[in-house]
Amino acid sequence: MLEILQYDFMRNAILAAILASIACGIIGVYVVVKKIVFISGGITHASFGGIGIGYFLGINPLFGLIPFSLFSAIVMGLVSKRTKVAEDTAIGILWSLGMAIGIILIYWTPGYAPDLMTYLFGNILTVPMSDIYLMLGLDAVIIFVVYAYYKHFMALCFDEEFTKVSGLSAEKLYLLLLCLIALTVVLLIKVVGIILIIALLTMPASLSRHYTNNLGKMMYLAIIFGSFFSLAGLYLSYIFDAPSGATIILAMSTVYILHFLYDGLKPKIAS
Amino acid sequence: MENVIDLKDVWVSYDSVRVLESVNLTVKDKDFLAIIGPNGGGKSTLLKVILGLIKPDKGSVSLLGGRPAKTRRYVGYVPQYHSSNLDFPVTVWDVVLMGRLSHKHPLQRYNEEDRNAALEALGTVGMLDFKDRQIGELSGGQKQRVFIARSLVTKPKLLILDEPSTGIDSRMQKEFYELLNRLKSEIAIVMVTHDISAVSVYVDKIGCLNRKFHYHDDKEISPHDLEVSYQCPVELIAHGVPHRVLKEH
Numbered sequence: 001m002l003e004i005l006q007y008d009f010m011r012n013a014i015l016a017a018i019l020a021s022i023a024c025g026i027i028g029v030y031v032v033v034k035k036i037v038f039i040s041g042g043i044t045h046a047s048f049g050g051i052g053i054g055y056f057l058g059i060n061p062l063f064g065l066i067p068f069s070l071f072s073a074i075v076m077g078l079v080s081k082r083t084k085v086a087e088d089t090a091i092g093i094l095w096s097l098g099m100a101i102g103i104i105l106i107y108w109t110p111g112y113a114p115d116l117m118t119y120l121f122g123n124i125l126t127v128p129m130s131d132i133y134l135m136l137g138l139d140a141v142i143i144f145v146v147y148a149y150y151k152h153f154m155a156l157c158f159d160e161e162f163t164k165v166s167g168l169s170a171e172k173l174y175l176l177l178l179c180l181i182a183l184t185v186v187l188l189i190k191v192v193g194i195i196l197i198i199a200l201l202t203m204p205a206s207l208s209r210h211y212t213n214n215l216g217k218m219m220y221l222a223i224i225f226g227s228f229f230s231l232a233g234l235y236l237s238y239i240f241d242a243p244s245g246a247t248i249i250l251a252m253s254t255v256y257i258l259h260f261l262y263d264g265l266k267p268k269i270a271s
Numbered sequence: 001m002e003n004v005i006d007l008k009d010v011w012v013s014y015d016s017v018r019v020l021e022s023v024n025l026t027v028k029d030k031d032f033l034a035i036i037g038p039n040g041g042g043k044s045t046l047l048k049v050i051l052g053l054i055k056p057d058k059g060s061v062s063l064l065g066g067r068p069a070k071t072r073r074y075v076g077y078v079p080q081y082h083s084s085n086l087d088f089p090v091t092v093w094d095v096v097l098m099g100r101l102s103h104k105h106p107l108q109r110y111n112e113e114d115r116n117a118a119l120e121a122l123g124t125v126g127m128l129d130f131k132d133r134q135i136g137e138l139s140g141g142q143k144q145r146v147f148i149a150r151s152l153v154t155k156p157k158l159l160i161l162d163e164p165s166t167g168i169d170s171r172m173q174k175e176f177y178e179l180l181n182r183l184k185s186e187i188a189i190v191m192v193t194h195d196i197s198a199v200s201v202y203v204d205k206i207g208c209l210n211r212k213f214h215y216h217d218d219k220e221i222s223p224h225d226l227e228v229s230y231q232c233p234v235e236l237i238a239h240g241v242p243h244r245v246l247k248e249h
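Sequence order for the protein chains is F and S. Quick note on this note's numbering: the first sequence kicks off at 1 and runs consecutively. Quick note on this note's numbering: the second sequence kicks off at 1 and runs consecutively.
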């Protein structure tokens, strides 16, 4: 097992897995407790438009992705809260719109889009050192903002109406949270790809809810679960020569499902 | 001392549906007002107008002598009971401290003053022993008391409750109204409720709302007022008084 650690790309993959797990552990907890999985999925998929912009302009797609995913998070938040369109309808439309923009821009880009599949399905084995630094920076931003707004986000997720009445701008807080989700998407994209991000965002957090009643501890546990599963998935993908992103999700889902099957078979204790 | 709430000729419509029609309302310090009325009669809308969450099409709203958007942070607010978010991972203590959040900047932690206010509020509602419990483990009545404690930690001059008796069994309701009864010696209370019977014992004033607001300066609501509001005959049952009034449908 140790021989795989000699490779540089493996060392980067391990770092990327851990850095991604930090972001998805922290933000995933908010996604799960505030039940905003669908809008998170919308932000994730719409951000494909940013990849398209990156290719079209001939820059690193990640630099198209960051502004575009932040932009789509804000648009999605505003449209779903302020317009008369039902929230899930608005999200569904913007979800596809972002992807459509991406598809057209990539089609118009001359030549072949070399690592398009990486963005869709993830390939943790091709993460360069520059991306590791970017992930490190994004993690730092996410940790700082959550440290500063921990109490505010807790109130927002628990009782949005009360938060509004107590004079805080619930809308701005919500948009800030959506922006953090957008940054998390950027962090996760190389690990599992756009298509599979939602699983990584929800499973570790949802699993951690079963072991603690404390929001902060949930985050620590979710980070540990996320790191463990992504490293285990990475190892399995090496053994079975399978795509890394999908193997990570498969390993995680298997444990998740077994956990809940076992949990469901236990006699229920009323609390 | 100025009025706690002052609504003058307030009109609200959603799209083309009129929800509130020329509503006038004055609440003075230490008033205990109950607002009753049928579903869809505009009760929640009226509360939202008072709190500045909805801007009326016409009319003026003054809350604690200012614009509601500015002054609502000094109001204690107990929202309608939602059963959806009850497995949320917070303790009673976390929830009560949330009431102090409006006075905090990001990065600022809760201090001794916040903690003392939270302890005092939990003491007032008799929930000090449940401080470290998970919010979802409490019964409906206990939760409602925690939410009242959360609204009291800023020492508000006005307490607004939206359907506070939802989710509470009838034995707990009595205890709950007695808590409000104790509180009303210090602050004004405005409560929206379905629970006409309990209201008559504890409150000072009752208003009936069904688009229009029928309001008396005392709690003698007549069957006629209720009929006008509910647009059907209503049974009036008064508890805690020697005789009850029952009217045939």
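Glycine included, each C-beta is placed from N, C-alpha and C at the ideal position.
Contact list for F/Ala113 against chain S, beta-carbon separation under 9 angstroms: The residue you call residue 113 of chain F lines up with position 113 of the first sequence. Within chain S, no residue comes near F/Ala113; the closest Cβ sits about 41 angstroms away, beyond 9 angstroms.
Let me see if you follow: with CB-CB separation under 8 angstroms, is F/His152 close to chain S or not? Along the first sequence, read from residue 1 onward, the residue named residue 152 of chain F stands at position 152. Yes, its Cβ sits closer than 8 angstroms to a Cβ of chain S.
Check: S/Glu178 C-beta below 7 angstroms from any heavy atom of the ligand PLP: By its list of ligands, the structure shown contains no ligand whatsoever, and the ligand PLP lies outside what it can speak to.
Quick check: S/Ile196 and S/Ile36, are their CB atoms within less than 8 angstroms of each other? Residue numbering aside, residue 196 of chain S sits at position 196 when the second sequence is read from its first letter. Residue numbering aside, residue 36 of chain S sits at position 36 when the second sequence is read from its first letter. It is a contact, given that the beta carbons lie within the stated cut-off.
Between S/Leu7 and chain F, is there a C-beta pair that is closer than 8 angstroms? Sequence index remark: in the second sequence, residue 7 of chain S carries index 7 (1-based). By this cut-off, S/Leu7 is not an interface position.
Given S/Arg150, which residues of its chain have a CB within under 7 angstroms of its CB, disregarding the five upstream and five downstream residues? Indexing the second sequence from 1 puts residue 150 of chain S at position 150. Counting only Cβ-Cβ distances below 7 angstroms, and skipping sequence neighbours, we find Val95, Val96, Met98, Gly99.
Output the boundary residues of the alpha helix (DSSP H) element that contains S/Met98. The residue you call residue 98 of chain S lines up with position 98 of the second sequence. Looking at the DSSP string, the run of the alpha helix (DSSP H) that includes S/Met98 is 92 to 98.
Less than 8 angstroms between CB atoms is the rule here; does F/Phe162 satisfy it with respect to chain S? As a first step, residue 162 of chain F must be located in the first sequence, where it is residue number 162. Yes - at least one Cβ of chain S is within 8 angstroms of the one on F/Phe162.
Quick one: does S/Ser44 have its CB under 8 angstroms from some CB of chain F? Against the second sequence, residue 44 of chain S aligns to sequence position 44. False, the Cβ-Cβ gap to chain F never drops below 8 angstroms.
Using CA atoms only, rank isn't needed, just tell me which of F/Phe240, F/Leu265, F/Gly226, F/Ile239 is closest to F/Ser253. Counted from its first residue, the first sequence places residue 253 of chain F at position 253. If we check each option's Cα against that of F/Ser253, F/Gly226 comes out closest.
In whole angstroms, give me the CA-to-CA distance for S/Asn181 and F/Met99. Translated into positions along the second sequence, residue 181 of chain S becomes position 181. Translated into positions along the first sequence, residue 99 of chain F becomes position 99. Straight-line Cα distance between these residues: approximately 58 angstroms.
Run through chain F and tell me which residues come within less than 8 angstroms of S/Pro106, C-beta to C-beta. Taking the first residue of the second sequence as 1, we reach residue 106 of chain S at position 106. Near S/Pro106 (Cβ distances below 8 angstroms), the residues of chain F are Ala148, Tyr149, His152.
DSSP three-state call for F/Ala73: helix, strand or coil? For the purposes of this step, residue 73 of chain F is identified with residue 73 of the first sequence, where counting begins at 1. Helix at F/Ala73.
Enumerated in chain order, which unbroken segments of the beta strand (DSSP E) with a length of 3 residues or greater are wholly contained in the stretch 116 to 181 of chain S? 158 to 162
Please tell me whether F/Leu183 and F/Val29 are closer than 8 angstroms, where the distance is taken between their beta carbons. For the purposes of this step, residue 183 of chain F is taken as residue 183 along the first sequence, with counting starting at 1. For the purposes of this step, residue 29 of chain F is taken as residue 29 along the first sequence, with counting starting at 1. Taking 8 angstroms as the Cβ cut-off, F/Leu183 and F/Val29 do not qualify as a contacting pair.
Name the DSSP bridge partner or partners of S/Arg18? Residue numbering aside, residue 18 of chain S sits at position 18 when the second sequence is read from its first letter. S/Arg18 pairs with S/Ser13.
If I'm right that S/Ile5 touches S/Leu25 with Cβ under 8 angstroms, what's the distance once you round it to whole angstroms? Along the second sequence, read from residue 1 onward, the residue named residue 5 of chain S stands at position 5. Along the second sequence, read from residue 1 onward, the residue named residue 25 of chain S stands at position 25. Their Cβ separation, rounded to whole angstroms, is 6 angstroms, which keeps S/Ile5 and S/Leu25 in contact under 8 angstroms.
So, are the CB atoms of S/Pro156 and S/Ile187 less than 8 angstroms apart? Mapped onto the second sequence, residue 156 of chain S falls at position 156. Mapped onto the second sequence, residue 187 of chain S falls at position 187. Cβ atoms of S/Pro156 and S/Ile187: closer than 8 angstroms.
How about F/Ala170 and F/Gly25: are their beta carbons less than 8 angstroms apart? Within the first sequence, the letter at position 170 stands for residue 170 of chain F. Within the first sequence, the letter at position 25 stands for residue 25 of chain F. Their beta carbons are not under 8 angstroms apart, which means F/Ala170 does not touch F/Gly25 by this criterion.
Can you tell which of F/Arg11, F/Lys164, F/Asn123, F/Gly111 has the C-alpha that lies nearest to the C-alpha of F/Tyr55? On the first sequence, residue 55 of chain F is found 55 positions in, with the first residue counted as 1. The residue with the shortest Cα to Cα distance from F/Tyr55 is F/Gly111.
Between the CA atoms of F/Ala222 and F/Gly50 - distance to the nearest angstrom: Taking the first residue of the first sequence as 1, we reach residue 50 of chain F at position 50. Taking the first residue of the first sequence as 1, we reach residue 222 of chain F at position 222. Between F/Gly50 and F/Ala222, the C-alpha separation is close to 28 angstroms.
Could you check if F/His152 is buried or exposed, using at least 16 other CB atoms within 10 Å of its CB as the buried criterion? The count along the first sequence starts at 1 and reaches residue 152 of chain F at position 152. The residue is buried, with at least 16 neighbouring Cβ atoms inside 10 Å.
In chain F, what lies closer than 8 angstroms to S/Ser102 by C-beta? Here residue 102 of chain S refers to the residue found at position 102 when the second sequence is read from its first residue. Going along chain F in sequence order, the residues near S/Ser102 (Cβ under 8 angstroms) are Ser166, Gly167, Leu168.
Roughly how many angstroms lie between the CA atoms of S/Gln80 and S/Trp11, to the nearest whole one? Counted from its first residue, the second sequence places residue 80 of chain S at position 80. Counted from its first residue, the second sequence places residue 11 of chain S at position 11. Answer to the nearest angstrom: the Cα atoms are 23 angstroms apart.
Name, going along the chain, the residues of the stretch 199 to 216 of chain F whose beta-carbon falls closer than 8 angstroms to a beta-carbon of chain S. Arg209, Thr212, Asn213, Asn214, Leu215
Which whole-angstrom value describes the C-beta separation of F/Leu196 and F/Ala246, a residue pair presumed to lie in contact below a C-beta threshold of 8 angstroms? Along the first sequence, read from residue 1 onward, the residue named residue 196 of chain F stands at position 196. Along the first sequence, read from residue 1 onward, the residue named residue 246 of chain F stands at position 246. Contact holds; Cβ gap of about 7 angstroms.
Give a yes or no on contact between the stretch 238 to 245 of chain F and the stretch 122 to 134 of chain F, applying the rule of three or more CB pairs nearer than 8 angstroms. yes
Report the start-end ranges of each beta strand (DSSP E) in the stretch 215 to 261 of chain F that is 3 residues or longer and not cut off at the edges. none
Examine chain F for any beta-carbon lying closer than 8 angstroms to the beta-carbon of S/Asn85, and answer yes or no. Residue numbering aside, residue 85 of chain S sits at position 85 when the second sequence is read from its first letter. For S/Asn85, the answer is yes, since a Cβ of chain F falls inside 8 angstroms of its Cβ.
Contact criterion: CB-CB distance below 8 angstroms. Does S/Phe88 meet it with respect to chain B? Given the protein chain composition of this structure (F and S), no chain B is represented.
Do you know whose CA, among F/Ser96, F/Leu176, F/Lys84, F/Leu97, lies nearest F/Ile74's CA? Along the first sequence, one-based indexing puts residue 74 of chain F at 74. Among F/Ser96, F/Leu176, F/Lys84, F/Leu97, the Cα nearest to that of F/Ile74 is on F/Leu176.
Assigned secondary structure, F/Thr202 (DSSP; H/G/I helix, E/B strand, else coil): Residue 202 of chain F sits at position 202 when you count from the first residue of the first sequence. The answer is helix: DSSP assigns F/Thr202 an H, G or I state.
For a contact defined as C-beta to C-beta under 9 angstroms, what are the partners of F/Phe228 on chain S? Stepping through the first sequence from its first residue, residue 228 of chain F is reached at position 228. In chain order: nothing, as chain S lies at least about 21 angstroms away.
Return yes when the Cβ of F/Ile43 is within less than 8 angstroms of the Cβ of F/Val186, no when it is not. As a first step, residue 186 of chain F is located in the first sequence; it is residue number 186 there, counting from the start. As a first step, residue 43 of chain F is located in the first sequence; it is residue number 43 there, counting from the start. Taking 8 angstroms as the Cβ cut-off, F/Val186 and F/Ile43 do not qualify as a contacting pair.
Which residue marks the beginning of the beta strand (DSSP E) containing S/Gly59, and which one marks its end? Locating residue 59 of chain S in the second sequence gives position 59, counting from the first residue. Run containing S/Gly59: 58 to 63, per the beta strand (DSSP E) assignment.
Would you tell me roughly how many angstroms separate the C-alpha atoms of F/Leu57 and F/Ala113, rounded to the nearest one? Taking the first residue of the first sequence as 1, we reach residue 57 of chain F at position 57. Taking the first residue of the first sequence as 1, we reach residue 113 of chain F at position 113. Cα-Cα distance, rounded: 12 angstroms.
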